[in-house]
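Undergrad: Attaching a single structure in structure tokens format; questions to follow.
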Amino acid sequence: MKILYICTHNRCRSILSEAITNHLADGLIEARSAGSQPAGQVHPLSLKYLSEAGIATDGLQSQSWDGFEDFAPDLVITVCDSAAGESCPVWFGKSLKLHWGLEDPSKLSGSDEQVANAFRHCIDLIKARVLALKELAGQDQSTWAKALQPLGAR
């Protein structure tokens with residue numbers, strides 16, 4: 013299964029999702045991330061809290077989705093938080109689409125402990141969802157759409 017995580021700036025949540033997926037997937041899933049308007053650099057706290065969780069950060073970069081047409085993802089997951097009024101980029105490819113709606117921990121203003129907890133919470137949410145996707149990765153692709161409907165697939 014190939015997954016492309018997209019967010020507008022590709023600097024935090026989509027980066028976290030890419031790294032966590034590749035860490036947990038045992039080769040069953042290949043994940044990448046990109047943005048419609050990439051920031052050009054990964055948020056430093058994303059790298060800090062991934063490292064704290066024992067997840068490799070080598071090669072992570074904020075990049076445009078323009079370079080991913082040849083990647084041909086099976087699944088595209090948007091991670092922007094529409095509840096916070098963020099607009100999500102729209103992927104026009106033929107991939108199955110899913111929306112996770114993750115709060116952006118890099119935008120939290122609070123104490124160091126509150127920010128750390130927000131990153132850890134986001135990482136935990138992503139881990140749980142990736143483990144559910146990992147179960148699907150070994151199944152026939154024709155079953156994915158039905159299995160992903162409760163998770164917001166469209």
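The working numbering puts the sequence shown at residues 13 to 166. Every residue, glycine too, gets a C-beta built ideally from N, C-alpha and C.
#1: My assumption, with CB atoms under 8 Å, is that residue 47 sits in contact with residue 76. Please give the rounded CB distance.
#2: Pull up the distance between the alpha-carbon of residue 21 and that of residue 79, whole angstroms please.
#3: Which of helix, strand or coil does DSSP assign to residue 155?
#4: Taking residue 33 as part of the alpha helix (DSSP H), name the residues at either end of that continuous run.
#5: Given this structure, state the Cα-to-Cα distance separating residue 8 from residue 74, to the nearest angstrom.
#6: Report the residue from 61, 52, 122, 156 whose alpha carbon sits nearest the alpha carbon of residue 167.
#7: State buried or exposed for residue 85, treating a residue as buried only when at least 16 other CB atoms are found within 10 Å of its CB.
TA: The relevant details are as follows:
#1: Along the sequence shown, read from residue 1 onward, the residue named residue 47 stands at position 35. Along the sequence shown, read from residue 1 onward, the residue named residue 76 stands at position 64. Confirmed, Cβ separation roughly 7 Å.
#2: On the sequence shown, residue 21 is found 9 positions in, with the first residue counted as 1. On the sequence shown, residue 79 is found 67 positions in, with the first residue counted as 1. For residue 21 and residue 79, the distance between alpha carbons rounds to 15 Å.
#3: On the sequence shown, position 143 is the one that residue 155 refers to. If DSSP states are grouped into helix, strand and coil, residue 155 belongs with the helices.
#4: In the sequence shown, counting from the first residue as 1, residue 33 sits at position 21. Residue 33 -> alpha helix (DSSP H) spans 25-36.
#5: Beyond the ends of the chain as shown, which are 13 and 166, falls residue 8; an answer cannot be given.
#6: The chain is shown from 13 up to 166; residue 167 falls before or after that span and cannot be answered.
#7: Here residue 85 corresponds to residue number 73 of the sequence shown, with the count starting at 1. By the 10 Å Cβ count, residue 85 comes out buried.
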